[in-house]
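Per this note's numbering, the sequence shown runs over residues 64 to 549.
Note that CB positions come from ideal geometry on N, CA and C, so glycine has one too.
As the structure is a computational prediction, the values presented were derived from the model and not from experiment.
Have a look at the structure below, then the notes.
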Amino acid sequence: MSITQNREATAKLRCISCGATPESAGQDFRCTACGDLLEFFFPGWNLDTPASGQHSLRAGGAPGVPARLDGRDARYSTNTDPAALKSLWLNRRTSRDALDQSGVWRFRELLPHIPEQHVITLREGNTPLYRLPRCARATGVENLQAKHQGMNPTASFKDTGMTFAASSAHQAGFRWVACASTGNTSASMAAYAARGNMHSLVLIPEGKISWGKLSQALDYGALTCQLRTDFDGCVRILNDLVRQKPVYLLNSVNPYRIEGQKTSAIELLEQLAWEPPDHIIVPGGNLGNSSAIGKALLEMRELKLISRLPKLSIIQAQGANPFYRSVREFGGKKLEPMTADTLATAIQIGNPASWKKALRVLQATGGEVEQVTEVEIAIAKAEIGADGIGCEPASAVTLAGLKKLRRSGFVKPGEAVVLILTGHQLKDPDFTIKFHRGDLFAGVPVAGTPNETEVAQAKYLQRAPVVLDANLGAVIAALDAAERNS
Ligand code: F0G
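This is the structure:
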């Protein structure tokens, strides 16, 4: 089975390496000529700038063809200048329509077209942008905000890509969808498959994902296979499977995933009144999210929705740092796969599929790549928690990375920084409880030995639960002791 593009499609597929533009994609979403990844581009974006200064964002078809005749329905705006698009998207926030209420489909003018009857939405996106005052003080970056993608329906950023890619599976008529995952993709996929009456197959590395994520996939009714391997081993098996069985691949090599995930950056810019921050900082695992955010930034600049590019920086855990090493050691010329090891299990990935896409956006935006230790991740996570926000461990690499980028001078104190928090705090409560009890790193070789400052920082943040007899005096004594130490 192949996934054919809508005949009137305004978006086309292109290979990122050889530039081939196939009419359809195979089930592995790889270029049949050279085997590399595919991406969408939009030849229909007719960006002529007439004397009036009105930009024409023509959604395909021959020039001058009225909107409704070019294959899209009336609910897509065409021939619009950037200001009109911005106000259209803002107005949709007050609509009762499911498409408009989704923080992904609200921006549908910048996405490939999927007919409405195939849309599967849980009103994803619409995630908050929070100030982080304590973290701002700790990093010396006054203008520090976090876009919390953990506030999505299944509590991770994956929902923004999944609504779009699951809808494309529905449009293509698949009964089964499948992914290999470190936990969040599987939770998201299982939910969207259930909503769209499709079956889902999850391949996860046994013992290497958090219970919260595993429990989600079970509850949403996925066929969940825990394989005795790591994430990269699960990916290998899935790639072989989709070549033999009619199952639709929902990993981020699927370019529909990337399109949906683009919208988090569009929404962010809207929240910032279209004034780009100086830096956006994201965690790097399989590198789909950084590729998607970078693609959105470049497209927004092309469409004149923004006038300059933020620098997009990517942070990896030191124990799962193949991209960091690719950039720092090999100048991005090659990526050496590795056996990954980190307690931030979401990003325990040794052979990231989208590294070439991520490299391109890193270079195009002038971003930086960094790596952070297990201890740095744990401290950063507790700091984000102490700001009353919280996130899962993989998301906290952003704050830990920001500290390093401040020290190196890449981020200046007066600059505006946005961290992308990718997953909710409750995704991995085990990690949090162990940190506060002080036994997170017991028997974990990859953690290394914390230095004196780190030990002091961790102690300052740790809030182990206090077990007391059930009497008022004991509680008052605990309260008084806490007040003295505060
Ligand atoms: N943060 C979280 C919470 C994640 O779950 C992931 C990836 C990432 C960051 C990294 O994003 O892969 O696009 O670079 N999780 C995938 C999964 C791999 O299967 O849930 P990436």
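- The residue from LYS497, LEU153, LYS367 with its alpha-carbon nearest to that of TRP108 is LYS367.
- With 16 or more other Cβ atoms from the protein chains shown falling within 10 Å of its own Cβ, TRP168 counts as buried.
- Within the DSSP bridge table, the entry for GLU102 names ARG77 as partners.
- The beta-bridge partner set that DSSP reports for GLN208 consists of ARG194, VAL481.
- Setting aside the 5 residues that flank it on each side, PRO339 is surrounded in the same chain by ILE369, ARG371, PRO373, each with a C-beta closer than 6 angstroms to its C-beta; the list follows chain order.
- Look at THR408 here: in three-state DSSP terms it is helix.
- At the C-beta level, GLN90 and ILE177 stay beyond 8 angstroms of one another.
- Where ALA241 is concerned, the enclosing beta strand (DSSP E) starts and stops at 239 to 243.
- For THR223 against GLY323, the beta-carbon gap comes to about 5 angstroms, under 8 angstroms, which counts as contact.
- Within the model, the alpha-carbon separation for GLU205 versus LEU468 is close to 15 angstroms.
- In the structure shown, the three-state DSSP call for CYS97 is coil.
- ASN384 and VAL538 have their C-alpha atoms some 46 angstroms from each other.
- ALA209 is not a Cβ neighbour of LEU313, given a cutoff of 8 angstroms.
- Within 10 angstroms of the beta-carbon of TYR311 lie 16 or more other beta-carbons, which makes it buried.
- With a cut-off of 7 angstroms, the C-beta of THR405 is classified as distant from the ligand F0G, since no heavy atom of the ligand falls inside that distance.
- Considering only VAL298, GLU187, VAL474, the residue with the shortest C-alpha distance to LEU290 is VAL298.
- Under the DSSP definition of a beta bridge, VAL432 partners with ILE377.
- A distance below 8 angstroms separates the beta carbons of HIS487 and GLY213.
- Measuring C-alpha to C-alpha distances from THR190 to each of ALA161, GLN334, SER80, ALA407 identifies GLN334 as the nearest.
- ARG159 counts as exposed, since fewer than 16 other C-beta atoms from the protein chains shown sit within 10 angstroms of its C-beta.
- Between the alpha carbons of MET363 and ALA336 lies a gap of roughly 13 angstroms.
- Using a Cβ distance threshold of 8 angstroms, ALA328 and ALA359 count as a contacting pair.
- If the five residues before and after PHE504 are omitted, its C-beta is found closer than 6 angstroms to the C-beta atoms of ALA510, all from its own chain and listed in chain order.
- Judged by DSSP secondary structure, PRO346 falls within the beta strand (DSSP E) whose first and last residues are 342 to 346.
- DSSP places HIS487 in no alpha helix (DSSP H); its state is neither H nor E.
- Closest in alpha carbon position to THR226, among PRO145, PRO196, ALA257, is ALA257.
- Within 7 angstroms of the C-beta of THR245 there is at least one heavy atom belonging to the ligand F0G.
- Shortest Cα-Cα distance from GLY472 to any of ALA445, GLY430, MET252 involves GLY430.
- Within its own chain, the residues whose Cβ lies closer than 8 angstroms to the Cβ of LYS397, once the five positions on either side in sequence are excluded, are SER389, listed in chain order.
- Looking from the CA of ARG77, the closest CA among THR95, LEU101, PHE386, ALA409 belongs to LEU101.
- By the neighbour-count definition (other C-beta atoms within 10 Å, threshold 16), ASN317 is a buried residue.
- Inter-residue distance for PRO492 and ALA83 is about 45 angstroms (C-alpha atoms, whole angstroms).
- According to DSSP, TYR311 shares a beta bridge with VAL240.
- Of the heavy atoms belonging to the ligand F0G, at least one sits nearer than 7 angstroms to the Cβ of GLU455.
- Contact between SER244 and VAL265 holds: their C-beta atoms lie close to 6 angstroms from each other, under 8 angstroms.
- The alpha carbon of LYS420 has as its nearest neighbour, out of LEU151, TYR255, GLY351, THR292, the alpha carbon of GLY351.
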